[in-house]
Amino acid sequence: MMRSTGQTIVLAYAALGGVTLVMTALLGDSLTGLFGPRPWNDAATDVALGVTFGLTVVAVSQRAARWSTAMSRMSDGLGEVVRGFLRPRDVFAQACASALAEELFFRGFLQPRFGLLATAVVFGLAHATQDRRLWFWPALSVLFGLAFGWLFEARGSLIAPAVAHFVINYFNLHHLLALEPQGSPGGPRPA
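Numbering (numbering that gives the first Met the number 0), first residue to last: 0 to 190.
Right, here's the structure in full:
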């Protein structure tokens, strides 16, 4: 049975997470403190912060796609890309794998070594594409990298940024899959 592109990407994220854990162990560092052990109330606060930040970003980004031509073009471009490889039933796995692997690698591994700003810039570059409609995507990714990195530094845990990252990816991937392809006769795009 052939694996879908979406499944392959989830496996690539799993590999990134695994490689990050191996590199961390080989360098003698510990990731134990990045997710726990933490008192229950600290973990609950981290989850609440992540959900609140994530839902705020989702609401703002989806509204901005209706108000701003650049954001609308970016949303159309991302929707086209996402519809090319992802099915709605795979969104949870994609959002979970990307949030965990990217937070482990960027915030858990790179940020302690290279700092918040450098890691945010690398995070933005990792989201670069040659699609001209997506010119704004790397810049937004730098801003999100700064926000996720700040959450990591402020809370001393990857829980809040990983939850925020998951929430943003989960809801925005579903939103992008629901968009009508540009130029299709399906009426107005969903709000």
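Heads up, the beta-carbon is just placed ideally off N, CA and C, and yes, glycines get one too. Note that the structure is a prediction, hence the values are computed from the model and not measured.
Residues near residue i in its chain [Cβ-Cβ closer than 8 Å; skip 5 each side]
i: MET1; result: With a pLDDT of 46 at MET1, under the threshold of 50, the predicted position of this residue should be treated as unreliable, though the coordinate-derived value follows. So the list is empty, once near-sequence residues are dropped.
7 Å Cβ cutoff met for residue i and residue j
i: LEU99; j: GLY16; result: yes
i: THR19; j: LEU124; result: no
i: GLY78; j: LEU175; result: yes
i: ASP45; j: ILE158; result: yes
i: PHE143; j: ARG106; result: no
i: GLY49; j: VAL162; result: yes
i: PHE135; j: ALA69; result: yes
i: LEU172; j: VAL59; result: no
Cβ-based neighbour list, residue i, same chain, cut-off 7 Å, excluding 5 preceding and 5 following
i: VAL9; result: ALA92, GLN93, ALA96
i: PHE170; result: VAL57
i: ARG188; result: Its pLDDT being 42, under 50, ARG188 is placed unreliably in this model, and the coordinates cannot settle the point.
i: THR4; result: PHE84
i: GLU101; result: HIS164
N- and C-terminal bounds of the alpha helix (DSSP H) containing residue i
i: GLN93; result: 90-101
i: SER71; result: 68-84
i: THR19; result: 4-25
i: GLY144; result: 136-154
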